[in-house]
Structure formats: C-alpha cells, structure tokens
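From first to last, the protein sequence lines are chains P and H.
Here the first sequence stands for residues 108 to 219, numbered as in my numbering.
Here the second sequence stands for residues 1481 to 1595, numbered as in my numbering.
Reading through the structure tokens given below for one structure.
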Amino acid sequence: EDKVVQSPLSLVVHEGDTVTLNCSYEVTNFRSLLWYKQEKKAPTFLFMLTSSGIEKKSGRLSSILDKKELFSILNITATQTGDSAIYLCAVVKSGGYQKVTFGTGTKLQVIP
Amino acid sequence: NAGVTQTPKFRILKIGQSMTLQCTQDMNHNYMYWYRQDPGMGLKLIYYSVGAGITDKGEVPNGYNVSRSTTEDFPLRLELAAPSQTSVYFCASSPGERGGKNEQYFGPGTRLTVT
C-alpha cells in the first residue's frame, strides 16, 4: 500500500524562525513529489520535485528530494504570519491516471 | 482564465437526498479528479477521469457517481446522502503526462453537511 507520512503533524513558531517540514514516502513507480500550501480553501501548488539533490526555490521557500532515502523536506526561512497554513506533500505514480497519494499535512502556525 | 471552478460553495442536505457537485476547468486539462477532505485525514480520491468519456473509481467511490461528457466538466453525483459524506469536496485537474507536468490545480471546494 502506498504511504506518504508527514512530520511534524503541527508546529508553532515565532515570526523570523526557520522551519523544516518532512515528508517520507513508500510508493511503487515513483514519478514526482509535490508540495502544496493550504490555507482556508483549496491547496495551492508550491513545488514539483522529480530528481534527487536538486533544490527548488521560491522566495523564502525551498525544497529538496532524496530518492534514495525516500523523503523530501520543505524549508521556510524568516517565517511570516502569512506562512501559517497546512502544508501538504503528495506523491505521483507513473502510468495510468498518475495516482496521487497525499499525506495528512503539517499544520504550521506562525505567531508574531 | 478562471482555472477550476466549483459550485456550490456550501450545501446542507438531509439524509437520503441527492445532489450534484459541479466542476469546470478552462485549462484544457485531460485529467480531472474528485477528492474529499475530512478534518485531519488528508485528501482521499473519490473518482478520476483521464479524458472525456473515461472515468474510473478512486479510493473511496461508494455512494458517488461521475460523468465526463466534455473535457471541461466533471460533475460528482451523490445519491442517497449519508452523514458519513459530510466533508469538503475538492475538484482538481492536471495536464497529465503532456509536457511532464503533473501538478494538480484545485477548485475552491464545496463544504457539504448531511444531517
């Protein structure tokens, strides 16, 4: 059975802190790993990772994938209250309809 | 470019009633999906479609039906609503294999309560 496990389940940090969110997975026929940010409504896409060791960056957010150890991390530096959200990790399988398995998410709260 | 739109935003149903959740995308995506999200449970796939006229079951299809007569539209039908179907429903689309892009674009969601 395909599994995507995120940790921690939740965390509270102060503005300006740096946080690291973890995502480990067990899937067959791995194609890519996706990170989403979910505030009050629908998830919004952050990153897609397909190759090990290549960091993706967008402003204060960055992410990297390790296909040997089957995990990814999402880093957020200099956190702001607007970063408060649930961060979802999802793994896409090859072939067919590209089955996507989501983790349950990490709830991040950034306090002033 | 509206992306993925869903209607209604909220709905309250009585047990045994039926309804259709509408989903439309204007990105010419082949792949479309219906998920439900229960609190603390992540997203569960209900049904998916890889193109007009082609649909198949996901992880939790019982109590639901779908159709895909056009590329743009992917309605989800609930027959005989039950309290266990109280959830937030998200529709999503993706380009699929084309161009190697497989990130999903989500609609704003429909919050459904069955009482």
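Glycine included, each C-beta is placed from N, C-alpha and C at the ideal position.
According to DSSP, is residue i part of a helix, a strand, or is it coil?
{"i": "residue 189 of chain P", "result": "helix"}
{"i": "residue 117 of chain P", "result": "strand"}
{"i": "residue 158 of chain P", "result": "coil"}
{"i": "residue 1497 of chain H", "result": "coil"}
{"i": "residue 1612 of chain H", "result": "With chain H running from 1481 to 1595 in the structure shown, residue 1612 of chain H is simply not present."}
{"i": "residue 1565 of chain H", "result": "helix"}
{"i": "residue 1553 of chain H", "result": "strand"}
{"i": "residue 201 of chain P", "result": "coil"}
{"i": "residue 1593 of chain H", "result": "strand"}
{"i": "residue 134 of chain P", "result": "coil"}
{"i": "residue 1507 of chain H", "result": "coil"}
Does the Cβ-Cβ distance between residue i and residue j come in under 7 Å?
{"i": "residue 1610 of chain H", "j": "residue 1573 of chain H", "result": "Any property of residue 1610 of chain H remains undetermined from this structure, which presents chain H solely from 1481 to 1595."}
{"i": "residue 194 of chain P", "j": "residue 144 of chain P", "result": "yes"}
{"i": "residue 1529 of chain H", "j": "residue 1507 of chain H", "result": "no"}
{"i": "residue 213 of chain P", "j": "residue 113 of chain P", "result": "yes"}
{"i": "residue 210 of chain P", "j": "residue 111 of chain P", "result": "yes"}
{"i": "residue 206 of chain P", "j": "residue 138 of chain P", "result": "no"}
Which residues mark the beginning and the end of the beta strand (DSSP E) in which residue i is found?
{"i": "residue 1520 of chain H", "result": "Here residue 1520 of chain H belongs to no beta strand (DSSP E), and DSSP marks it neither H nor E."}
{"i": "residue 216 of chain P", "result": "213-218"}
{"i": "residue 183 of chain P", "result": "178-183"}
{"i": "residue 207 of chain P", "result": "207-209"}
{"i": "residue 163 of chain P", "result": "163-165"}
Confirm the yes/no value for this check: CB of residue i, any heavy atom of the ligand SAM, distance under 6 Å.
{"i": "residue 112 of chain P", "result": "By its list of ligands, the structure shown contains no ligand whatsoever, and the ligand SAM lies outside what it can speak to."}
Can you pull the chain H residues whose beta carbon is under 9 Å from the beta carbon of residue i, in chain order?
{"i": "residue 144 of chain P", "result": "Those within 9 Å of residue 144 of chain P in chain H number zero; the least Cβ separation is about 11 Å."}
Kindly list, in the order they appear in chain H, the residues whose Cβ is closer than 7 Å to that of residue i.
{"i": "residue 148 of chain P", "result": "1588, 1589"}
Below 7 Å on C-beta distance, what does residue i contact in chain P?
{"i": "residue 1523 of chain H", "result": "209"}
Can you pull the chain P residues whose beta carbon is under 8 Å from the beta carbon of residue i, in chain order?
{"i": "residue 1585 of chain H", "result": "152"}
{"i": "residue 1570 of chain H", "result": "149, 150"}
In chain H, which residues lie with their C-beta within 8 Å of the C-beta of residue i?
{"i": "residue 212 of chain P", "result": "1522"}
With a cut-off of 8 Å, do at least 3 Cβ pairs link the segment 121-130 of chain P to the segment 181-195 of chain P? Yes, the segment 121-130 of chain P is in contact with the segment 181-195 of chain P.
Below 8 Å, how does it come out for the segment 1537-1545 of chain H and the segment 1487-1497 of chain H: are there three or more Cβ pairs, yes or no? The segment 1537-1545 of chain H, when compared against the segment 1487-1497 of chain H, does not touch it at the 8 Å Cβ threshold.
Decide if the segment 1508-1516 of chain H is in contact with the segment 1557-1574 of chain H; the criterion is three or more beta carbon pairs, one per stretch, under 8 Å apart. Result yes; three or more Cβ-Cβ pairs closer than 8 Å.
Does the structure place the segment 1520-1534 of chain H close enough to the segment 1543-1562 of chain H that three or more beta carbon pairs sit under 8 Å? Yes, the segment 1543-1562 of chain H touches the segment 1520-1534 of chain H.
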